[in-house]
Structure formats: structure tokens, C-alpha cells
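> Take this structure, written in C-alpha cells, and hold onto it; I'll ask about it next.
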Amino acid sequence: MRNLLGIADLERGQIERLLDRAESLAALSERENKKLPTLSGRTIVNLFFENSTRTSSSFDLAAKRLSADTVSIKAASSSVEKGESLRDTVQTLSAYGPSAIVVRSPYVGAPGMITRWTDAAVINAGDGKHEHPTQALLDAYTLRRRLGKLDDLNIWIVGDVLHSRVARSNIFCLTKLGAKVTVCGPPTLIPRQIEELGCEVSYTLTGSEEADVLYVLRMQNERMSADDTFIPSIREYASRYQINGERLGRDQLLMHPGPVNRGVELSPDVVDAPQSLITEQVAAGVAVRMAVFYELLATRGPDDTDGQLKAAEAVAIAPEDSR
Ligand code: NCD
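What follows is the structure, given as C-alpha cells:
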């Protein structure tokens, strides 16, 4: 694997290999010294043209845990605000010889374009409403840790599916891993022909009580213009689609990529309910992003099957007592 642009490009075996590697790397976070020397001397650029808390911090931490040097650029504090083009920005940063560029952009396809302007591996940290592959990987990882496997799981993705890159990447990822996915929301917020991606569609929550997992999405207001009227009102939306204590079954799991708008898509109490995996999702972000760096930068290509072994070797190089 050279770049990670989307889950659509991955096969089940590649996804599982990343999740396996994340699991072996997660064992590290139990230790007091959490660092591996794997990417020592290499540089990773994090380029965020959209707001981010979880994704940018966990990419940064993941790179540091593998001993890479990181340069993190947020659009508002960069020369992009002064009119420098994406291409110029990427070429400027490529002068530092980075091994990877992690990019979040409001534009669909931006990470793919960047691959043409740099020798670095490019990792998509969210491009417009297209894909957010590492989010889907960390969601699958979280579910696999909790339930063992995803085959035949019944997962409902509820909310603003239309503007959600998380929904798209998760439809690809969860169905590739054997789950059955239903997307649910008002017709105005469900893209036409989304069934072609391999999911089912429901415009009401009826039937969601059968789901094993309710995966809830925020309204992506930043992708709507002031004149758009996707929903009559927040109150109306919440009355039909908000997941609250009554709509969340005792044996159902609750997921959300964050940030949560408490009181809109989720009632405030369910965020911290025992069924909620939201904190586990955030924690999983570091191990999964480490696994992505490891896969792209520390292994030798598609034939490499000894990743586990290398991870184990790396652990051996950085023993507990080296701190
Ligand atoms: C998601 C995103 O940015 O697409 N958040 C995230 O990465 N944790 C979802 C969202 O912003 O609603």
C-alpha cells in the first residue's frame, strides 16, 4: 500500500491486516514508555485545512509514538490563508523530505491530487463529504475489540448521511468486514442511490430496535449553505431521529465519530451510557493511525506478510527498561 486515500480501494484482507497490526501496537500503550523507534529520523507532515480535534491530535500522537518528527499545519495559521495554492503548499512542505503527508481538506479528491505533487505517502484524514478512511478503520477496530468479529452484525448509521465522509467510509468498511448496514435519516439527508454502495435505507427509526449497533452522525452544518433547508427545525429532527434513552436498547452499542452535539442527534444522557463506545473510539484512533503509518512507511510493500513479527521486533528493540 503506497497511500491511504479511501476504504473503497481496500480489500477485506488489507483492512484486517491493519486492524491486526493496530491491535499489536495498542499493547504498547499499556506500557509506561509508549514509544517505538520505527520511524526515527523520518518526518510526517499533518496538513489540516478543516477543524479537527480528535483526528489531528491522534495522527500527531501516533507519529510521535513511532518516533517520527512531526510538522502540523492548520490552514488558518498557514500561508494558505494568504492565497498560496494547495499545490504550492504541498511542494513547499515536500522540500523537508517528509515520508508522509496527512491531509484534511474540504475538497473531495484533494488527497489524490496531492499524490501527484509529492513523493511522500499521502493519508486522507477526511476530504469533504467523500471519505475518512482512518475513522472507519478505528470504528471497525473498536467494534472488533468489543465483539470479536463484524460478520452478520446489524449496524444502523443514523443522521446526516448526505454530507458525511464518515458514513461513506464506514459503509465500505463495515460491509467489507461482513456487517449489514442500514442508513437512516430524513430523505433530504440521505444521498440518492446510496444503496449502490451496498447498504439499505430507512427514513424512519422503525426497525432500528433490531440493530446491534447505532452509529450516530452530527449534522454537518459547515457543508450546508444558509439557504439550505434540509430539516424543518432541530426540534423536529430530534423528535424523529435523536437517539435517546428510550430509543437505545440495553443490549445495543452506541457509536459516534465526534464531535457530538448533545441534545441534537444524541440526548445528553446516552453519550455517557454504558452502551456508549464513544470514548473507546477516540482511544482507538492512536493505535489505528500508528498501524497506518507502520503499514505505509515501515513495511516493504504488498508482499510483506510479516508485519506482526516486525511489530514484535520493534517492541523488543524498545524494551520497558529503556525509558
Ligand atoms: C468527523 C469528520 O470530521 O468527518 N469527525 C472526526 O473526524 N472525528 C465527523 C464530524 O465532524 O461530524
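All the letters of the sequence shown, read from the start, carry residue numbers 2 to 324 under this note's numbering.
Ideal Cβ placement from N, Cα and C applies to all residues, glycine included.
Considering only their Cβ atoms, is the gap separating SER73 from HIS133 smaller than 8 Å?
The residue given as residue 133 occupies position 132 in the sequence shown. The residue given as residue 73 occupies position 72 in the sequence shown. Against a cut-off of 8 Å, the Cβ pair of SER73 and HIS133 comes out as no contact.
> Can you grab the Cα-Cα spacing for the pair LEU297 / GLU237, in whole Å?
To locate residue 297, count along the sequence shown from 1; it is residue 296. To locate residue 237, count along the sequence shown from 1; it is residue 236. When rounded, the distance between both Cα atoms is 45 Å.
> Buried or exposed: TYR108, going by 16 or more other Cβ atoms within 10 Å of its Cβ?
By 1-based counting over the sequence shown, the position of residue 108 is 107. By the neighbour-count rule (16 or more Cβ atoms within 10 Å), TYR108 is not buried but exposed.
> Please state whether DSSP places SER226 in a helix, a strand or coil.
In the sequence shown, residue 226 corresponds to position 225, counting from 1. SER226: coil per DSSP, three-state reduction.
> Strictly by DSSP, which residues pair up with ALA101?
Within the sequence shown, residue 101 is the residue found at index 100, counting from 1. Looking at the DSSP assignment, ALA101 forms a beta bridge with ILE45 and ALA122.
> In angstroms with no decimal places, state the Cα-to-Cα distance between TRP157 and GLY98.
For this step, residue 157 is matched to residue 156 along the sequence shown. For this step, residue 98 is matched to residue 97 along the sequence shown. Rounded to whole angstroms, TRP157 to GLY98 spans 43 Å at the Cα level.
> Any Cβ of chain D within less than 8 Å of the Cβ of GLU197?
As a matter of chain content, chain D is missing from the structure shown, which is built from one protein chain.
> Count the other CB atoms within 10 Å of the CB of LYS128; is the residue buried (16 or more) or exposed (fewer)?
For the purposes of this step, residue 128 is identified with residue 127 of the sequence shown, where counting begins at 1. In the sequence as presented, Lys is not what sits at residue 128; that position holds Asp. With 16 or more other Cβ atoms within 10 Å, it is buried.
> On the DSSP bridge list, what partners appear for ASN171?
In the sequence shown, counting from the first residue as 1, residue 171 sits at position 170. Partner(s): none; ASN171 has no beta bridge.
> Buried or exposed, going by whether 16 or more other CB atoms sit within 10 Å of the CB of ASN47?
Taking the sequence shown and counting its residues from 1, one reaches residue 47 at position 46. The residue is buried, with at least 16 neighbouring Cβ atoms inside 10 Å.
> Pairs of beta-carbons, one from the segment 193-209 and one from the segment 176-184, closer than 8 Å: are there three or more?
Cβ pair count under 8 Å is three or more, so yes.
> Cutting at 8 Å between CB atoms, please list the residues of its own chain near ILE16, excluding the five before and the five after it.
By 1-based counting over the sequence shown, the position of residue 16 is 15. Cβ within range, chain order: ILE8, LEU138, ALA141, CYS174, LYS177 and LEU178.
> Given a threshold of 16 other Cβ atoms within 10 Å of its Cβ, counted over all protein chains shown, does LYS150 qualify as buried or as exposed?
Counting from 1 along the sequence shown, the entry for residue 150 is found at position 149. Under this definition LYS150 is an exposed residue.
> Does the separation of the CB atoms of ARG105 and GLU24 fall below 8 Å?
Counting from one through the sequence shown, the residue named residue 105 turns up at place 104. Counting from one through the sequence shown, the residue named residue 24 turns up at place 23. Taking 8 Å as the Cβ cut-off, ARG105 and GLU24 do not qualify as a contacting pair.
> The ligand NCD and PRO134: does any heavy atom of the ligand fall closer than 7 Å to the residue's C-beta?
By 1-based counting over the sequence shown, the position of residue 134 is 133. Outside the cutoff, so no.
> Going along the chain, which residues of its own chain have a beta-carbon closer than 6 Å to the beta-carbon of THR56, five neighbours each way excluded?
Reading the sequence shown from its first residue, position 55 is the one you call residue 56. ALA126, listed in sequence order.
> Tell me the rounded alpha-carbon separation between ASP152 and ARG145.
Translated into the one-based positions of the sequence shown, residue 152 becomes position 151. Translated into the one-based positions of the sequence shown, residue 145 becomes position 144. Distance between the alpha carbons of ASP152 and ARG145: 10 Å.
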